[in-house]
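Chemist: Residue numbers (my numbering): 96 to 253. Quick one: the structure is below, and I'll ask about it shortly.
Given below as structure tokens:
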């Protein structure tokens, strides 16, 4: 999934809430957080996969449970907005993997979501795609939805 697809998915999931500026920034940061964490880890060679720590639902669950212990206050809305953005990233990647299939992404059955219990190539689930880049229907759809969402948001401010 491309950046705009992730931002659009976060915007769709967070659009029903009335977020302030800080919460909106937290939502956007949460939408991109898994890639901000995992892609550099792959580039510098710590992990051979691009979906590990940031893409793990187990790490997200630990984060989400920890913010539940914080008493409601000034920052709780920001932390929850970040969490919504983060989970929207998972949903976008799952939809993208499903749409593109193994041929483009190389991932089967989103095994990356259970990292570190399952690695992306555990049980030969990782299949190499030959380096071919694919643009999925969902990427195009989410980009179009993002433009519509931004236009509607701008009309609402007038």
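From the three backbone atoms N, C-alpha and C, an ideal C-beta is built for every residue, glycine too.
How many angstroms separate the CA atom of residue 187 from the CA atom of residue 166?
Modeler: Translated into positions along the chain shown, residue 187 becomes position 92. Translated into positions along the chain shown, residue 166 becomes position 71. Straight-line Cα distance between these residues: approximately 30 Å.
Chemist: Got a sec? Which residues, its chain only, sit under 8 Å from residue 212 by beta carbon, not counting five neighbours each side?
Modeler: Reading the chain shown from its first residue, position 117 is the one you call residue 212. Same-chain partners within the cutoff: 153.
Chemist: May I ask you to verify whether the segment 169-187 touches the segment 103-121, counting CB pairs closer than 8 Å and requiring at least 3?
Modeler: The answer is yes - the segment 103-121 touches the segment 169-187, with three or more Cβ pairs under 8 Å.
Chemist: Just checking my contact of residue 122 with residue 162 at CB under 8 Å: how many whole Å lie between their CB atoms?
Modeler: Translated into positions along the chain shown, residue 122 becomes position 27. Translated into positions along the chain shown, residue 162 becomes position 67. The Cβ separation is near 14 Å, so there is no contact.
Chemist: State the start and end residues of the unbroken alpha helix (DSSP H) segment that holds residue 152.
Modeler: For the purposes of this step, residue 152 is taken as residue 57 along the chain shown, with counting starting at 1. Its alpha helix (DSSP H) spans residues 152-163.
Chemist: Can you give the Cα-Cα distance for residue 248 and residue 239, rounded to whole angstroms?
Modeler: Within the chain shown, numbered from 1, the residue matching residue 248 stands at position 153. Within the chain shown, numbered from 1, the residue matching residue 239 stands at position 144. Whole-angstrom Cα-Cα distance: 14 Å.
Chemist: May I ask which residues mark the beginning and end of the alpha helix (DSSP H) holding residue 107?
Modeler: For the purposes of this step, residue 107 is taken as residue 12 along the chain shown, with counting starting at 1. Segment 98-109, the alpha helix (DSSP H) holding residue 107.
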